[in-house]
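K.L.:
Quick one: structure below, then a few questions.
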Amino acid sequence: MVFPRKKFNPRMTDGAPHGTLEVVSDSGWMTRELFPSVVKHYIKQTSSTTLIILDNHESHLTIERITLAKENGVIILTLPPHTSNKLLPLDVSVFFSFKAFYNTALQTWLLDHAGIPVTIFDIARCVNYSFENR
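Below you can see the structure in the form of structure tokens.
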């Protein structure tokens with residue numbers, strides 16, 4: 005696998021899986037303004053009733069977002085503060101293999117680009133490799 009680095013006008017989503025939504029805030033954190041676009045994108049990508057498990061970050065918990073999800077067959081479950089690392093079964097069952105593939109992709113990237121630090125613009129390609137191979 006080769007992870008080329010785009011030289012001009014890179015985007016965070018270059019090399020990401022098809023359909024990836026790019027949202028960015030100045031702080032790097034999810035905001036009340038950005039989260040509705042994430043929910044709408046998620047709804048567009050799914051075709052049946054689904055469950056989203058979220059921490060209880062303030063950007064997630066508004067009547068508008070909960071109503072939008074409910075009207076579109078999305079069930080939102082929020083976890084108590086500071087417990088997501090203990091209560092998310094996907095970390096063990098699903099994401100474990102994804103993380104292993106991501107680590108392999110990242111090690112390959114580092115070998116292909118010796119001495120060059122990984123940036124936010126390089127992560128999407130590693131994620132895409134992991135997503136395709138999970």
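Plus 4 on top of the position in the sequence shown (first one is 1) and you've got this note's numbering.
Think of the CB as a built atom: it goes at the ideal place given N, C-alpha and C, for glycine as much as any other residue.
Please name the residue or residues paired with residue 78 in a DSSP beta bridge.
P.N.:
Answer is 54, bridged to residue 78.
K.L.:
Measure the Cβ-Cβ separation of residue 135 and residue 14 and say whether it is below 8 Å.
P.N.:
Not in contact: residue 135 and residue 14 (Cβ atoms no closer than 8 Å).
K.L.:
Ordered along the chain, which non-local residues of its own chain (more than five positions away) have a Cβ less than 6 Å from that of residue 132?
P.N.:
19, 20 and 21
K.L.:
Using 8 Å as the threshold, is the region 60 to 71 in touch with the region 31 to 42, meaning 3 or more CB pairs across them?
P.N.:
yes
K.L.:
Look at the Cβ atom of residue 49, then the Cβ atom of residue 77, and state whether they are nearer than 8 Å.
P.N.:
no
K.L.:
Counting only the same chain and skipping the five closest in sequence on each side, list residues whose C-beta sits under 7 Å from that of residue 43.
P.N.:
69, 72 and 73
K.L.:
Between the beta-carbon of residue 57 and the beta-carbon of residue 25, is there less than 8 Å?
P.N.:
no
K.L.:
Residue 60 and residue 83: beta carbons closer than 8 Å?
P.N.:
Contact flag set, yes.
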